[in-house]
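Enquirer:
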Amino acid sequence: MKARQKRLVLIGLALVGVAGATTLALSALQSNISYFFSPSQIMASEHPTDAVFRVGGLVVPDSLARQTDGLTVHFNVTDNAAVVPVSYTGILPDLFSEGQGVVAKGRIGGDGVFYAEEVLAKHDESYMPPEVADTLQTAHVEHLIEQTTGSLKQ
Amino acid sequence: MIPELGHLALILALLLAIAQAGFPLIGSLTGHRPWMAMARPLAYGQLAFVAIAFAALADAFLISDFSVLYVSQHSNTLLPDIYKFSAVWGGHEGSLLLWALMLAGWGAAVATFSRNLPLPVVARVISVLGLVAIGFLLFMLLTSNPFERHFPVPPEGRDLNPLLQDFGLAVHPPMLYMGYVGFSVAFAFAIAALIGGKLDAAWARWSRPWTLVAWVFLTIGIALGSWWAYYELGWGGWWFWDPVENASLMPWLVGTALIHSLAVTEKRAAFKSWTVLLAISAFSLSLLGTFLVRSGVLTSVHAFATDPARGLFILIFLCLVIGGSLSLYAWRAPQVAEGGRFGLVSRESALLVNNLLFVAFTVLVLFGTLAPLIYEAFDLGKISVGFPWFNKMFLALAPFLALLLGIGPLARWKQDDPWRLTRLLKTAFVLSIAIMAIGNLPIVSGGAAWVPVGLALATWLVVAHLHLLRERLQHKQAGWPRALLADLGGNGRSFYAMVIAHLGVAVFIVGVTMVSNHEIEKDVRMSPGDSHELAGYRFEFLGARKVDGPNYIADQGHFLVYRGKRQVAELFPEKRAYLGGGMPMTEAAIDAGVFRDIYVSLGEGVGGGDWALRLYYKPYVRWIWMGAVLMALGGAIAVSDRRYRNARARRSAPAGVLDAKA
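Protein chains in written order, with my numbering: chain A, 21 to 174; chain B, 109 to 770.
#1: Tell whether a beta-carbon distance below 8 Å holds between B:Pro351 and B:Leu400.
#2: Is there contact between the segment 463-470 of chain B and the segment 529-540 of chain B, where contact requires at least three CB pairs shorter than 8 Å?
#3: Apart from the five residues on each side of it in sequence, which residues of its chain come closer than 7 Å, Cβ to Cβ, to A:Arg24?
#4: Do you know offhand how far B:Leu478's Cα is from A:Ser117's?
#5: So B:Ala208 and B:Pro132 are supposed to be a Cβ contact under 8 Å. How far apart are they, rounded?
#6: At 4 residues or longer, what runs of the alpha helix (DSSP H) sit wholly inside the segment 367-405 of chain B?
#7: Report the three-state DSSP secondary structure of B:Tyr338 (helix, strand or coil).
#8: What whole-angstrom Cβ distance do B:Asp718 and B:Ser635 have, given they're in contact under 8 Å?
#9: Under 8 Å, with one C-beta from each stretch per pair, do the segment 614-628 of chain B and the segment 744-754 of chain B reach the 3-pair mark?
#10: Just how far apart, CA to CA, sit B:Ala556 and B:Gly547?
#11: With 16 other CB atoms within 10 Å as the buried threshold, where does A:Lys125 fall?
#12: What's the C-alpha gap between B:Leu341 and B:Leu481?
#13: So B:Val289 and B:Trp382 are supposed to be a Cβ contact under 8 Å. How far apart are they, rounded?
#14: For B:Leu577, which residues of its own chain have a beta-carbon under 8 Å away from its beta-carbon, when the five flanking residues on both sides are left out?
#15: Should A:Leu28 be flagged as near chain B, meaning a C-beta pair shorter than 8 Å?
#16: Anyone know if the C-beta pair for B:Ser211 and B:Ser334 falls short of 8 Å?
#17: Which runs of the beta strand (DSSP E) at least 3 residues long sit entirely within the segment 58-122 of chain A? Give them in chain order.
#18: In terms of residues, what are the limits of the beta strand (DSSP E) holding B:Ile171?
#19: Is there contact here, the segment 440-458 of chain B with the segment 272-287 of chain B, by at least three beta-carbon pairs under 8 Å?
#20: Strictly by DSSP, which residues pair up with B:Pro727?
#21: According to DSSP, what are the bridge partners of A:Phe134?
#22: Suppose the cutoff is 8 Å on Cβ atoms and the five residues either side in sequence are ignored; what does the same chain contact list for B:Ser369 look like?
#23: So does the segment 254-261 of chain B actually touch the segment 214-229 of chain B, counting three or more Cβ pairs closer than 8 Å?
#24: Could you pull out every residue in the same chain whose Cβ sits closer than 8 Å to the Cβ of A:Lys26, ignoring the five residues on either side in sequence?
#25: From the DSSP output, in three-state form, read off B:Met606 for me.
#26: Does A:Thr69 pass the burial test, meaning 16 or more other C-beta atoms within 10 Å, or should it be called exposed?
#27: Roughly how many whole angstroms lie between the Cα atoms of A:Asp154 and B:Val261?
#28: Could you confirm whether any beta carbon from chain B is found closer than 8 Å to the beta carbon of A:Ser60?
#29: To the nearest angstrom, report how far apart B:Pro517 and B:His573 are at their CA atoms.
#30: Do we get a CB-CB distance below 8 Å when we pair A:Phe95 with the residues of chain B?
#31: So, is B:Arg674 buried or exposed, given that buried needs 16 or more other C-beta atoms within 10 angstroms?
#32: From the beta carbon of A:Phe134, is the nearest beta carbon of chain B less than 8 Å away?
#33: Is the beta carbon of B:Ile126 closer than 8 Å to that of B:Ile299?
Take a look at the structure:
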């Protein structure tokens, strides 16, 4: 083989490799991403019913209840506008606490309860996942507008 | 007073960095020797001032000066002294200072160990390091000054994040940063070569040991991080494909490609432009890692509270570095002479494919890490990419890499005979197939298809490298023990270094394969006196009691672990509440072994002395880190190869003369 042909073979192989890797990466991506929804969006039924997704917000104070098996916990998550009940079986991360931000991954049941497969951990008390921070702000502002318009009507 | 001195020292270091970036470079372009000769003293000066700043901050921590905002946020009078010191880099500002200190340290090291290099090259390398230092010092002074004071002075600090109060995490960031920052030296050599327009084998030989040292530190840093996550976070995993982990993995992948490509450039003067591109990418990815960690644009378990101004600064810095170096590359690279030609079956081809695989994997990891940003930018929703995706990508590429790793080192440079290789690898192939058959037995594989594949690939690697050893030693006339000794004392070290590092890969493969497919994890609720069976081990819970630590109180569980009738371990996992910030933390208890770890972590008390807890059985998990240690050891031995020292000894006399004249 001449040098030129060799180079063509190598370039060809590289291209095939790149094309293969891209196809593989993108097709696998579709089944492995999980979207984020705020409690308000879930209330408005924007969430998928048959796929895993993430929900995030603040844990409503005094909503944490441990079930009799000792491993299942129930708590409510809010974005200050809507509330979603969450059920999780397993050990909660260290920094999980009421009134703090939380992100859980799982799917929603027919009973409207979000069954979490995973409650995401964080390493710093003061850290707020950006998705949660975004939805909290908007919900909070909308909530305020609602309140003020409500009081104006009175 | 001392914090102000530290601040002043930082400002002076910035001024020196500006001089360091300017004078030697201009001198090297105009041929003005005295200006070039300023490079070394300026590099030492910068190290001195950054070290003063670092010492000032360390002092503020050790005397608990809470009038310094950063100290009051990351320390506490109850903190043990060793963690008061490691708390210096426990937060954003301090870790940047550590980064700057290391950058200055690398600069001074280049100044010291470059006596054999031509002065213009040294001047340019140190100038480029000065440019990088300007970026980081400006960043620190403008957005993240660690010496900022605040009033009123709080009587007590907020405490260091308990997760960081641990030996593993006290040493993990310095190691990781040594690696990150070390790639700036490889980057500086590449840029210096581009500026000088001289990319040759000599350039590769100069930059090779530096790149290797950086790679060794990064390898150890990543392994330490993985080990720490395993024992400290109490969830038993060793890698999560978290954005911050990926940020450290990407420079490592490109760095690994780079050390292999540098070998080709040194030995065969080929791949020159490609090597430069890799050096630029490795450092750019280190910067990108910093950006991702510090800007908080991605959701990550590692993310700490952040400030958007900082993210913006690093983003601009990143664009300048990448844009600037790529423009320089585009301008200079076409002038680079073509390297040695090589055949389709040759060591060069094998290393080329190795490089392509590493780069492909880097691109995939980069894509997966940035996908949430891409989706958000196109308004496609807020997504996260799950770790199964990354695992899939890894499994799609890694086996090819392992296969190639058995062939490449046996192949000859320039041109090899495919039949010769086939003959050589026959035994390795047969043995691998045999192991695959054994691995496929249900008792070994447990029904997992990857177990036989992983074990076969590890066998393939080991046998191929044994062949390689035999090939090298059988041609020596003096008999193999003497040949081995001669090799180890002389120029042969890098060969054994390669074998050790590659065997590390085999050990790593075994660890990953076994632990991923055979680990068992169980969340249970136990009352005192309860027993639970897991993987042939019986865990007996004797109850929990309160214990006091230096700066925390803890519930300490007491477990006995039996295998059959025999007691194999006594474990004391803890759930701690830190007094400073009141943060809870799980301290898992692990009985470590070469072939398996047994792991208990306490969840929470659920009343009546009962606990929710997690039991793990982790076979071969240590092999993952042993593999990484072997890889790092290989890298370290390669650096000690006499080839690099000889070059120094030979050249030191004339370089000294030049210095004297200058």
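We treat Cβ as the ideally placed atom computed from N, Cα and C, and that holds for glycine.
Expert: In terms of the structure at hand:
#1: Taking the first residue of the second sequence as position 1, residue 351 of chain B is located at position 243. Taking the first residue of the second sequence as position 1, residue 400 of chain B is located at position 292. Closer than 8 Å, so yes.
#2: When C-beta atoms of the segment 463-470 of chain B are compared with those of the segment 529-540 of chain B, fewer than three pairs fall below 8 Å, so the two segments do not count as touching.
#3: In the first sequence, the residue the question calls residue 24 of chain A occupies position 4. Once the five neighbours on either side are set aside, A:Arg24 has no close Cβ partner at all.
#4: The count along the second sequence starts at 1 and reaches residue 478 of chain B at position 370. The count along the first sequence starts at 1 and reaches residue 117 of chain A at position 97. Within the model, the alpha-carbon separation for B:Leu478 versus A:Ser117 is close to 29 Å.
#5: Translated into the one-based positions of the second sequence, residue 208 of chain B becomes position 100. Translated into the one-based positions of the second sequence, residue 132 of chain B becomes position 24. Not a contact, Cβ separation roughly 19 Å.
#6: With a minimum length of 4 residues, the continuous alpha helix (DSSP H) runs that stay inside the segment 367-405 of chain B are 380-403.
#7: Reading the second sequence from its first residue, position 230 is the one you call residue 338 of chain B. Assignment of B:Tyr338 by DSSP, reduced to helix, strand and coil, places it in the helix class.
#8: If you number the second sequence from 1, residue 718 of chain B lands on position 610. If you number the second sequence from 1, residue 635 of chain B lands on position 527. At roughly 5 Å, the Cβ-Cβ gap stays under 8 Å, so B:Asp718 and B:Ser635 are in contact.
#9: Cβ pair count under 8 Å is below three, so no.
#10: Taking the first residue of the second sequence as 1, we reach residue 556 of chain B at position 448. Taking the first residue of the second sequence as 1, we reach residue 547 of chain B at position 439. Distance between the alpha carbons of B:Ala556 and B:Gly547: 10 Å.
#11: As a first step, residue 125 of chain A is located in the first sequence; it is residue number 105 there, counting from the start. Label assigned to A:Lys125: buried.
#12: Here the question's residue 341 of chain B lines up with position 233 in the second sequence. Here the question's residue 481 of chain B lines up with position 373 in the second sequence. In a straight line, the C-alpha of B:Leu341 is about 27 Å away from that of B:Leu481.
#13: Taking the first residue of the second sequence as 1, we reach residue 289 of chain B at position 181. Taking the first residue of the second sequence as 1, we reach residue 382 of chain B at position 274. Actually they are not in contact, since the Cβ atoms of B:Val289 and B:Trp382 sit about 23 Å apart, beyond 8 Å.
#14: What you label residue 577 of chain B is simply residue 469 of the second sequence in a count that begins at 1. Result list for B:Leu577: Val607, in chain order.
#15: For the purposes of this step, residue 28 of chain A is taken as the residue at position 8 of the first sequence. For A:Leu28, no Cβ of chain B is located within less than 8 Å of the residue's own Cβ.
#16: In the second sequence, the residue the question calls residue 211 of chain B occupies position 103. In the second sequence, the residue the question calls residue 334 of chain B occupies position 226. Sequence inspection shows Leu at residue 211 of chain B; the Ser mentioned does not correspond to that position. B:Leu211 is not a Cβ neighbour of B:Ser334, given a cutoff of 8 Å.
#17: Listed in chain order, the beta strand (DSSP E) runs fully inside the segment 58-122 of chain A are 73-79, 92-98, 103-109, counting runs of at least 3 residues.
#18: For the purposes of this step, residue 171 of chain B is taken as residue 63 along the second sequence, with counting starting at 1. For B:Ile171, there is no enclosing beta strand (DSSP E), since its DSSP letter is neither H nor E.
#19: Judged by Cβ distances under 8 Å, the segment 440-458 of chain B makes no contact with the segment 272-287 of chain B, as fewer than three pairs qualify.
#20: One-based indexing of the second sequence puts residue 727 of chain B at position 619. Answer is B:Arg704.
#21: The sequence position of residue 134 of chain A within the first sequence is 114, counting from 1. Answer is A:Val106, A:Ile128, bridged to A:Phe134.
#22: The residue labelled residue 369 of chain B in the question sits at position 261 within the second sequence. Excluding sequence neighbours, B:Ser369 sits near Phe379, Trp382, Thr383, Leu386, Leu459, Asn463.
#23: These segments do not touch.
#24: Here residue 26 of chain A refers to the residue found at position 6 of the first sequence. A distance below 8 Å between beta-carbons, with the five flanking residues on each side excluded, links A:Lys26 to no residue of its chain.
#25: The count along the second sequence starts at 1 and reaches residue 606 of chain B at position 498. In the three-state scheme derived from DSSP, where H, G and I count as helix and E and B as strand, B:Met606 is classed as helix.
#26: Sequence index remark: in the first sequence, residue 69 of chain A carries index 49 (1-based). Around the beta carbon of A:Thr69, fewer than 16 other beta carbons lie within 10 angstroms, which makes this residue exposed.
#27: What you label residue 154 of chain A is simply residue 134 of the first sequence in a count that begins at 1. What you label residue 261 of chain B is simply residue 153 of the second sequence in a count that begins at 1. In this model, A:Asp154 and B:Val261 are separated by some 33 Å (Cα to Cα).
#28: Along the first sequence, one-based indexing puts residue 60 of chain A at 40. Not an interface residue.
#29: The sequence position of residue 517 of chain B within the second sequence is 409, counting from 1. The sequence position of residue 573 of chain B within the second sequence is 465, counting from 1. For B:Pro517 and B:His573, the distance between alpha carbons rounds to 8 Å.
#30: Stepping through the first sequence from its first residue, residue 95 of chain A is reached at position 75. Cβ-Cβ to chain B under 8 Å: no for A:Phe95.
#31: Taking the second sequence and counting its residues from 1, the one referred to as residue 674 of chain B is at position 566. Counting Cβ neighbours within 10 Å, B:Arg674 comes out exposed, since fewer than 16 surround it.
#32: For the purposes of this step, residue 134 of chain A is taken as residue 114 along the first sequence, with counting starting at 1. Interface residue (Cβ-Cβ distance to chain B less than 8 Å): A:Phe134 is not classified as such.
#33: Stepping through the second sequence from its first residue, residue 299 of chain B is reached at position 191. Stepping through the second sequence from its first residue, residue 126 of chain B is reached at position 18. In this structure, B:Ile126 does not lie closer than 8 Å to B:Ile299 by Cβ.
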